[in-house]
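Okay, so the sequence shown: first residue is 1 according to full-length UniProt numbering, each after it adds one.
C-beta: ideal position from N, C-alpha, C; glycine also.
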Amino acid sequence: MLDSKKKNKILRREALITIGLYIFFFMWWYVFAYGLGSKEPSQYSYVFGFPGWFFYSCILGYVVICLLLWFVVKKFFVEVDFDED
Numbered sequence: 001m002l003d004s005k006k007k008n009k010i011l012r013r014e015a016l017i018t019i020g021l022y023i024f025f026f027m028w029w030y031v032f033a034y035g036l037g038s039k040e041p042s043q044y045s046y047v048f049g050f051p052g053w054f055f056y057s058c059i060l061g062y063v064v065i066c067l068l069l070w071f072v073v074k075k076f077f078v079e080v081d082f083d084e085d
């Protein structure tokens, strides 16, 4: 059984990890979407029929963040019981 200080420390750490992952995903999306997507459409490169900026920002980014979230939840998050006895 964890006391409230330990619970708060765990929850704070997990919240900071989640915010960090969100910032990482947003930066990934922004850099690929606006970095590669700022060219003229005639200069786009295509991956599997999608413009490169869309593939890397939306499709690959989604896969990467899902794998990162799965890894983080398995390795760093712990179950915290909120029931009071």
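Return the residue from the list Phe32, Gly52 and Glu14 that minimises the CA-CA distance to Val78.
Numbered from 1 along the sequence shown, position 78 holds the residue referred to as residue 78. Val78 has its Cα closest to that of Glu14, out of Phe32, Gly52 and Glu14.
**Distance between Arg12 and Cys66 (C-alpha atoms, nearest Å)** = Mapped onto the sequence shown, residue 66 falls at position 66. Mapped onto the sequence shown, residue 12 falls at position 12. Taking the straight line joining both Cα atoms gives about 22 Å.
(message) Out of Ile10, Leu21 and Ser45, which one is the CA nearest neighbour of Gly61?
(response) Here the question's residue 61 lines up with position 61 in the sequence shown. Ranking Ile10, Leu21 and Ser45 by Cα distance to Gly61 puts Leu21 first.
Pairwise C-alpha distance: Val80 and Phe25
In the sequence shown, residue 25 corresponds to position 25, counting from 1. In the sequence shown, residue 80 corresponds to position 80, counting from 1. Roughly 26 Å between the two C-alpha positions.
Could you compute how far the alpha carbon of Phe82 sits from the alpha carbon of Asn8? Taking the sequence shown and counting its residues from 1, the one referred to as residue 82 is at position 82. Taking the sequence shown and counting its residues from 1, the one referred to as residue 8 is at position 8. Answer to the nearest angstrom: the Cα atoms are 11 Å apart.
- Which of the three DSSP states, helix, strand or coil, is assigned to Val78? Taking the sequence shown and counting its residues from 1, the one referred to as residue 78 is at position 78. Three-state DSSP puts Val78 in coil, outside helix and strand.
For the alpha helix (DSSP H) containing Glu14, name the first residue and the last one.
The residue you call residue 14 lines up with position 14 of the sequence shown. Start and end: Ser4 to Tyr30.
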